[in-house]
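A quick write-up on the structure given underneath.
Protein chains: 2
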Amino acid sequence: MIEIKPVAYVRNTRTAVEDDHWGAVQSEITLADHLQESSLAGIEEFSHIEVLFYFDQVEDEKIQYEARHPRNNPAYPKVGIFAQRGKNRPNKLGITVAKLVGRNGRSLTVTGLDAIDGTPVIDIKPVMKEFLPRSEVKQPAWSVDLMSAYWE
Amino acid sequence: MIEIKPVAYVRNTRTAVEDDHWGAVQSEITLADHLQESSLAGIEEFSHIEVLFYFDQVEDEKIQYEARHPRNNPAYPKVGIFAQRGKNRPNKLGITVAKLVGRNGRSLTVTGLDAIDGTPVIDIKPVMKEFLPRSEVKQPAWSVDLMSAYWE
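Top line first, the protein sequences correspond to chains A and B.
Mapping of the first sequence onto the numbering used here: residues 15 to 166, in sequence order.
Mapping of the second sequence onto the numbering used here: residues 15 to 166, in sequence order.
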């Protein structure tokens with residue numbers, strides 16, 4: 015087993031888990047007490063950050079090990095948990111690229127983070143173009159349909 | 015503390031940690047025994063996957079809490095660990111988008127994964143365009159310089 019300690023926490027106005035409409039949510043990410051403010055030095059030079067977080071509200075019994083229809087929508091094919099980005103996954107980890115709006119000491123302000131209030135953050139990385147896909151991205155039609163209202 | 019269990023392991027020919035030249039490395043990612051093959055069902059429909067892994071070779075004493083020059087290069091500014099993607103970071107977590115070359119049962123073949131042989135994988139997610147940056151990516155000049163030979 016690997017032991018992980020939260021490095022920050024999310025604060026925003028979204029207290030309930032919702033599937034869609036995350037685009038307008040603004041969040042504060044504030045460092046945990048054991049980390050120094052200097053661990054964020056220079057992050058303002060990046061337009062986007064990658065936020066790695068823990069879906070702490072997911073119950074162990076909900077974790078999906080069998081292939082299933084994403085969002086239980088029978089119009090979508092049955093796919094494995096590693097072929098979708100749903101939260102009920104082994105290790106309960108989420109990764110999202112958020113827009114960095116600003117920094118105030120130990121806190122970052124971001125938009126486009128799909129994590130609810132109180133979510134533990136376990137890593138923050140700057141987005142570099144060199145770490146984006148380096149060839150054309152292809153994905154199945156169901157995933158485009160599923161995402162259609164996600165950021166609206 | 016959060017407990018994490020590896021879901022897969024990396025196999026490739028790179029046994030030593032190196033800073034650069036990861037582009038040509040081909041890796042196999044094979045599911046851990048407690049996971050079913052169906053957890054990968056449908057992943058072949060995606061061209062790229064996001065691989066979340068654990069830098070298990072990093073010693074705790076090496077973890078960086080103060081701002082420092084990336085790669086100890088004095089030509090680069092001192093930045094905090096959350097403003098760089100180096101491995102000596104709290105929680106020792108890496109995230110990389112790799113190209114999915116193929117699947118054989120419980121194993122995925124990928125290129126462009128910057129993890130050495132034996133690295134534990136703690137999550138696999140499909141890359142969807144909707145989760146890529148949705149506005150222009152800006153980053154400091156030092157990070158472009160640092161990445162210049164990374165994938166070559």
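Even for Gly, the Cβ is constructed at its ideal location relative to N, Cα and C.
A distance below 7 Å between beta-carbons, with the five flanking residues on each side excluded, links Val72/A to the following residues of its chain, in chain order: Lys101, Asn102 and Lys106. Per the Cβ contact rule, the segment 105-125 of chain B is in contact with the segment 23-40 of chain B (3 or more Cβ pairs under 8 Å). When rounded, the separation of the alpha-carbon atoms in Val158/A and Met142/B is 8 Å.
Contact of His83/A with chain B is not assigned, every C-beta pair being separated by 7 Å or more. In the same chain as Lys113/B, and ignoring 5 residues on each side of it, the C-beta atoms closer than 8 Å to its own belong to Ser61, His62, Val124, Thr125 and Gly126, in chain order.
Within chain B, the residues Tyr79, Glu80, Ala81 and Gly94 have their CB atoms less than 9 Å from the CB of Gln50/A, given in chain order. Taking the beta carbon of His62/B as reference, the chain A residues within 7 Å of it are Pro147 and Val151, listed in sequence order.
Residue state for Ile130/A is assigned as coil, using DSSP reduced to three classes.
Under the Cβ distance rule, Asp137/B counts among the residues neighbouring chain A, one pair being separated by less than 7 Å. Apart from sequence neighbours up to five positions away, the residues of its chain that approach Val93/B with a beta-carbon distance below 7 Å are Ala81 and Pro84, ordered along the chain. Nearest Cα to Val31/B within the set Ile130/B, Lys152/B, Ile138/B and Ser149/B: Ile130/B. Proximity of chain A to Asn105/B at the Cβ level (cut-off 8 Å) is accounted for by Ile18, Lys19, Val21, Ile136 and Asp137, in chain order. The C-alpha of Arg148/A is placed about 29 Å away from the C-alpha of Ser53/A. With the criterion set as a beta carbon lying under 8 Å from some beta carbon of chain B, the members of the segment 107-133 of chain A are Leu107, Ile109, Thr110, Val111, Lys113 and Gly126, in sequence order. Residue pairing for Glu42/B: DSSP places it in a beta bridge opposite Arg25/B and Thr123/B.
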